[in-house]
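Enquirer: Under this note's numbering, the letters of the sequence shown match residues 394 to 1169, in that order. Got a structure here, written out as structure tokens. Questions coming.
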Amino acid sequence: MLRLTPAILATLCGVSFASIGHAQGFPVTTGEHDGFTRVVIHAPPGTGWELEGDAREQVVRLTPDTAQLDISRVFTRIARTRLSEVQAEAGALRLDLACDCELRSWEERPGLIVIDIADPAPDANSPAVALSPSELPAVALPAPEITVPAPGFSASGIGETLARRHMSERITIPPEAAEMPATAAAALTAELGSSLAEALGQGLLEAAVPGDTTPPVQLLDAPHESADLPANMRVTNVTQRRDPDAAPEPQIADICRDADALAFLETPMTEPFGQVYGRLSRGLYGEFDQPDAEVRRGLIELYLASGFGAEARALIANHSDPVYGRELLIGLADVFERRNSNSRMRLAQLTGCEGPASVMAVLAGAASEDLHSAAPAIALIFTGFTPAMRAMIGVDLAKRLIEADAVDAARVVVGSTRRSEWVDPTVLDLIDARLDQARGFSDVAFARLTHAQSRDTPGVLARLLLALETGNRADAELLATAEALASTERGNAEGIEIMAVIVRSHAFSGAHAAGFAALDRIASWRPEHSETRARMGQLADVMWLSVAQKADDLSFMQLVLGRDDWRDTGALRLETRQALAARFVDQGLASTALTLVPEAQDHTSEMLRARAHIELGDPQAALEILTDRDSPEAALLRARALEALGENARAAETYEALSRVPEATSAAISASDWRRLERLTASDAAQDGRSPLEGISRAIAQPPGYMDQPLPAVAPPIGPQDAPPVQTAADQPEEAPEVFDFDRLGLITRSETLLGESARLRDSLSSLLHSASVSE
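Structure below.
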């Protein structure tokens, strides 16, 4: 939506008025200046003109005499102190002056007639009245104290106060020094002579040639170099020569050359914004309808100091006149408008400069590694900003410093922001929570925001993120508030970001149905946007990983049969696809699991494919995958594949090596490896504190049904009188062996029924999943 800023309104109004003026006649504009008022007639090139009249009535006559003039804007910018009235006639402009002013007129360029009405000059022709000495009034003057000035001082050069003080001082001449004795002078002369002789002998001094009046050539010392000499033309002596083996001096880029263009941000505003804006707006356009450069810069600085980036940028970009620090001013305007540009990147490089430019460089996106060392100075400069500016940028500046691990500097910024009367207290709660989080107290930060119950977008988003970080579940009210805020921002990236955090919160808490519903809402907002599609893929990956790890079997099958986005192997990460494939194998849907990890060569994917092939009845393919794999998981799968192939002896050996006693026992029985079975049984009995089973090999070697026959009963001891009559073997009838009922409780029958039903269900699900994939 287009905003009609004050500057744009002023520009539009100027264009409209100028257009109307040309339609009604030649526009006449005015401007107020120090000492004169200027009147400008905007006539077409080639228009003739003449100024005539007496002292207070002047007439500008134009040729042709049918020319019409528009005087509607004459008194919009000037007072009636020098020009009291203006009348427009056919081909003439009548000027009524309010003073005996001086007029100067000329043609600035063809058709642009300029008339200056200047204040009258002092009357220099009035005769001076000469007075005789006797007519002068008698004035008692103090007698001057005539003293000799102290040597080395000048009253006119040092000032009146200093001159009067020195004029009152007395000149004191020190007494003449006493004459030195001849013996002492001779001794001193001898000592100095010997020292000079040693210096001459060592070449430290050169003797003066008698009669040589040529002044010696002296080299300038380094501290007394001429300031006018360029850097590559220094006057040095032999002791100041640079070491040729030393490293060259680094050339520092003059990146801070125009950083002082932002120094106005430290200037406090002593007047209200409306008053300053009104004064500058009135003086922006003068009599030539061209913006005044100084006033224009003042408006730019006023806009930027108040946070109006778009208005300042329009005022800079819509005029071709150069502005000092133009790129930095545009970069600052783009910071306020959250706009990326080359000017903003230029501003982001000034973290090492002095003044407000370093503070604004942080907001422009300076690199975090450049902020840590400059953070203390930046925080100190920020404390000198106006309260309104501290409230505008304090929170964002503290965030950037926290991200750069400059927590102490961020605390200084927060404290200075808190002292501004313009700051929102809820914003301070948010930044205090960020400081707690930066110091490692995320639980305190979450409790702080929960207590504050902030319902604005930054506060709600921060609470959701802290809940995920601390492992706390977001309550239903917070999630509902977040969804309402996201709905209001559905057209931009902020709304998508809020919904993304909501989806992650549902995935964390295991509310998969609500999470997928939020995911579908995001897809309906901006389905054609590439950023939305990319974010949808990331969030779908988060949801399906949570489903694979947290959903129960029934919920897992419901979600898998109800959605198809889990089939998009390009959108899901390998970790998510592996988790889903493991669940499918556990459910007996091995063929579907193979479609999720078809060609991945990592260890986990290969183990999943081997499990799937064993479940599908293809143990040979599993063994081929497990070749050269020596992990415990691979060894266990290899044993199962061998067992499925009927190689029970090798399977029992592998099971025994893995200490899988039940599986090894079963495989040993199937392989008739009684020695291994006896060893496994003995070890198992020793662990339980029982004696090992003796004769297990002989017992297992009996015909089938041997162990099912009941053991002969042992009769209690009886006396001779109770002994039955002795019968021979031929007399005893042959009894049928008793059959032992292993399924007395019906467990085996019910288990077989459940297994059969599970097999039929797996076949049905496999056909459904397979048909859906084929139809796609």
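For glycine and all other residues, C-beta sits at the position ideal for the given N, C-alpha and C.
Give me the residue from E968, F834 and R1002 with the minimum Cα distance to R984.
Expert: By 1-based counting over the sequence shown, the position of residue 984 is 591. Strictly speaking, residue 984 in this sequence is Ser, with Arg absent from that position. Of the listed residues, the one whose Cα sits closest to S984 is R1002.
Enquirer: Compute the Euclidean distance between the alpha carbons of A803 and V788, then round it to the nearest angstrom.
Expert: Here the question's residue 803 lines up with position 410 in the sequence shown. Here the question's residue 788 lines up with position 395 in the sequence shown. Computed Cα separation, rounded: 9 angstroms.
Enquirer: What does DSSP give as the partner residues of W499 in its beta bridges?
Expert: Taking the sequence shown and counting its residues from 1, the one referred to as residue 499 is at position 106. Its beta-bridge partners are V507.
Enquirer: Classify G1149 as buried or exposed, calling it buried when 16 or more other Cβ atoms lie within 10 Å of its own Cβ.
Expert: Locating residue 1149 in the sequence shown gives position 756, where the first residue counts as 1. It is exposed - the Cβ of G1149 has fewer than 16 other Cβ atoms within 10 Å.
Enquirer: Give the single residue among V806, G903 and E730 whose Cα lies nearest to the Cα of L773.
Expert: Translated into the one-based positions of the sequence shown, residue 773 becomes position 380. When each option's Cα is compared against that of L773, the closest is V806.
Enquirer: List the whole-angstrom C-beta distance separating R473 from C492, where the pair is believed to meet the contact cut-off of C-beta under 8 angstroms.
Expert: The count along the sequence shown starts at 1 and reaches residue 473 at position 80. The count along the sequence shown starts at 1 and reaches residue 492 at position 99. So it is not a contact: roughly 11 angstroms between Cβ atoms.
Enquirer: Can you tell me whether V433 is helix, strand or coil according to DSSP?
Expert: In the sequence shown, the residue the question calls residue 433 occupies position 40. Note: V433 maps to strand in three-state DSSP.
Enquirer: Secondary structure at V716, three-state DSSP: helix, strand or coil?
Expert: Within the sequence shown, residue 716 is the residue found at index 323, counting from 1. Coil.
Enquirer: Please report the distance separating the alpha-carbon of A710 from that of Y678.
Expert: Position 317 of the sequence shown holds residue 710. Position 285 of the sequence shown holds residue 678. Going by the C-alpha atoms only, they are around 17 angstroms apart.
Enquirer: If you measure from the beta carbon of E968 to each beta carbon in chain D, is any gap under 7 angstroms?
Expert: Absence of chain D from the displayed structure is noted, only one protein chain being present.
Enquirer: Confirm, please, whether the CB-CB distance from A1060 to A1044 is below 7 angstroms.
Expert: For the purposes of this step, residue 1044 is taken as the residue at position 651 of the sequence shown. For the purposes of this step, residue 1060 is taken as the residue at position 667 of the sequence shown. Contact: yes.
Enquirer: Around the C-beta of G908, are 16 or more other C-beta atoms found within 10 angstroms, so that it is buried, or is it exposed?
Expert: By 1-based counting over the sequence shown, the position of residue 908 is 515. Label assigned to G908: buried.
Enquirer: Only counting runs of 3 or more residues, tell me where the beta strand (DSSP E) segments fall wholly within the segment 684-742, in order along the chain.
Expert: Those beta strand (DSSP E) runs which fall completely within the segment 684-742 and span 3+ residues do not exist here.
Enquirer: Going by DSSP, name the residue or residues bridged to P420.
Expert: Taking the first residue of the sequence shown as position 1, residue 420 is located at position 27. The partner list for P420 (beta bridge, DSSP) reads D463.
Enquirer: Am I right that L987 and S1159 are in contact with their C-beta atoms under 8 angstroms? What's the rounded C-beta distance?
Expert: For the purposes of this step, residue 987 is taken as residue 594 along the sequence shown, with counting starting at 1. For the purposes of this step, residue 1159 is taken as residue 766 along the sequence shown, with counting starting at 1. Actually they are not in contact, since the Cβ atoms of L987 and S1159 sit about 11 angstroms apart, beyond 8 angstroms.
Enquirer: Which word fits R1143, buried or exposed, when buried means at least 16 other C-beta atoms lie within 10 angstroms of its C-beta?
Expert: Reading the sequence shown from its first residue, position 750 is the one you call residue 1143. So R1143 ends up on the exposed side.
Enquirer: Do A707 and Y696 have their beta-carbon atoms positioned less than 7 angstroms apart in this structure?
Expert: The residue given as residue 696 occupies position 303 in the sequence shown. The residue given as residue 707 occupies position 314 in the sequence shown. Going by C-beta atoms, Y696 is not nearer than 7 angstroms to A707.
Enquirer: Ordered along the chain, which non-local residues of its own chain (more than five positions away) have a Cβ less than 6 angstroms from that of I342?
Expert: For the chain, the structure presents residues 394 to 1169; residue 342 sits outside this window and is missing.
Enquirer: What's the gap between the Cα of V716 and the Cα of R650?
Expert: Reading the sequence shown from its first residue, position 323 is the one you call residue 716. Reading the sequence shown from its first residue, position 257 is the one you call residue 650. Straight-line Cα distance between these residues: approximately 14 angstroms.
Enquirer: Out of curiosity, what's the CA-to-CA distance linking V467 and L505?
Expert: Here residue 467 refers to the residue found at position 74 when the sequence shown is read from its first residue. Here residue 505 refers to the residue found at position 112 when the sequence shown is read from its first residue. Approximately 16 angstroms between the Cα atoms of the pair.
Enquirer: Does the structure place the segment 992-1007 close enough to the segment 952-965 that three or more beta carbon pairs sit under 8 angstroms?
Expert: Result no; under three Cβ-Cβ pairs closer than 8 angstroms.
Enquirer: Apart from the five residues just before and just after G604, which ones in its own chain have a Cβ nearer than 8 angstroms to its Cβ?
Expert: In the sequence shown, counting from the first residue as 1, residue 604 sits at position 211. Summary for G604: the model assigns pLDDT 48, below 50, so the residue's position carries little reliability, and this model does not support an answer.
Enquirer: Below 8 angstroms, can you find three or more Cβ-Cβ pairs linking the segment 941-953 to the segment 895-908?
Expert: Yes, they touch.
Enquirer: Please work out which residues of its chain come closer than 8 angstroms, Cβ to Cβ, to S813, disregarding the five sequence neighbours upstream and downstream, and give them in chain order.
Expert: Numbered from its first residue, the sequence shown carries residue 813 at position 420. Around S813: P780, A781, R783, A784 and G787.
Enquirer: Can you give the Cα-Cα distance for A1064 and R926, rounded to whole angstroms?
Expert: As a working mapping, residue 1064 is identified with position 671 in the sequence shown. As a working mapping, residue 926 is identified with position 533 in the sequence shown. Whole-angstrom Cα-Cα distance: 57 angstroms.
Enquirer: Can you name the residues that DSSP bridges to V453?
Expert: Indexing the sequence shown from 1 puts residue 453 at position 60. DSSP, once it has assigned bridges, lists L444 and L486 as partnering V453.
Enquirer: For G676 versus V688, is the C-beta distance shorter than 7 angstroms?
Expert: Taking the first residue of the sequence shown as position 1, residue 676 is located at position 283. Taking the first residue of the sequence shown as position 1, residue 688 is located at position 295. Yes, the Cβ-Cβ distance between G676 and V688 is below 7 angstroms.
Enquirer: Determine the DSSP secondary structure at S587, reduced to helix, strand or coil.
Expert: Taking the sequence shown and counting its residues from 1, one reaches residue 587 at position 194. Note: S587 maps to helix in three-state DSSP.
Enquirer: Let me know the secondary structure DSSP gives I551 once reduced to three states.
Expert: Here residue 551 corresponds to residue number 158 of the sequence shown, with the count starting at 1. The predicted position of I551 is uncertain, since its pLDDT is 40 and thus under 50; no value can be drawn from it.
Enquirer: Any chance the CB of G981 is under 6 angstroms from a heavy atom of the ligand SAH?
Expert: With respect to small molecules bound, the structure shown includes none, and the ligand SAH cannot be examined in it.
Enquirer: Relative to the C-alpha of L496, which residue among A460, Q480 and E445 is closest?
Expert: To locate residue 496, count along the sequence shown from 1; it is residue 103. Selected option, being the one with the closest Cα: E445.
Enquirer: If you count every other CB in all the chains shown that lies within 10 Å of the CB of I723, and 16 or more means buried, which is it?
Expert: For the purposes of this step, residue 723 is taken as the residue at position 330 of the sequence shown. So I723 ends up on the buried side.
Enquirer: Provide the residue span of the alpha helix (DSSP H) that contains T962, from first to last.
Expert: By one-based count along the sequence shown, residue 962 stands at place 569. Here T962 belongs to no alpha helix (DSSP H), and DSSP marks it neither H nor E.
Enquirer: Can you tell me the Cβ-Cβ gap for A890 and L938, rounded? I've got them flagged as a contact below 8 angstroms.
Expert: Locating residue 890 in the sequence shown gives position 497, where the first residue counts as 1. Locating residue 938 in the sequence shown gives position 545, where the first residue counts as 1. The question names Ala, but residue 890 in the sequence shown is Glu. Not really, about 20 angstroms apart at Cβ, beyond 8 angstroms.
Enquirer: Could you spell out where the alpha helix (DSSP H) holding T474 opens and where it closes?
Expert: Residue 474 sits at position 81 when you count from the first residue of the sequence shown. Here T474 belongs to no alpha helix (DSSP H), and DSSP marks it neither H nor E.
Enquirer: Mark E1036 as exposed unless 16 or more other C-beta atoms lie within 10 angstroms of its C-beta, in which case mark it buried.
Expert: Within the sequence shown, the letter at position 643 stands for residue 1036. So E1036 ends up on the buried side.
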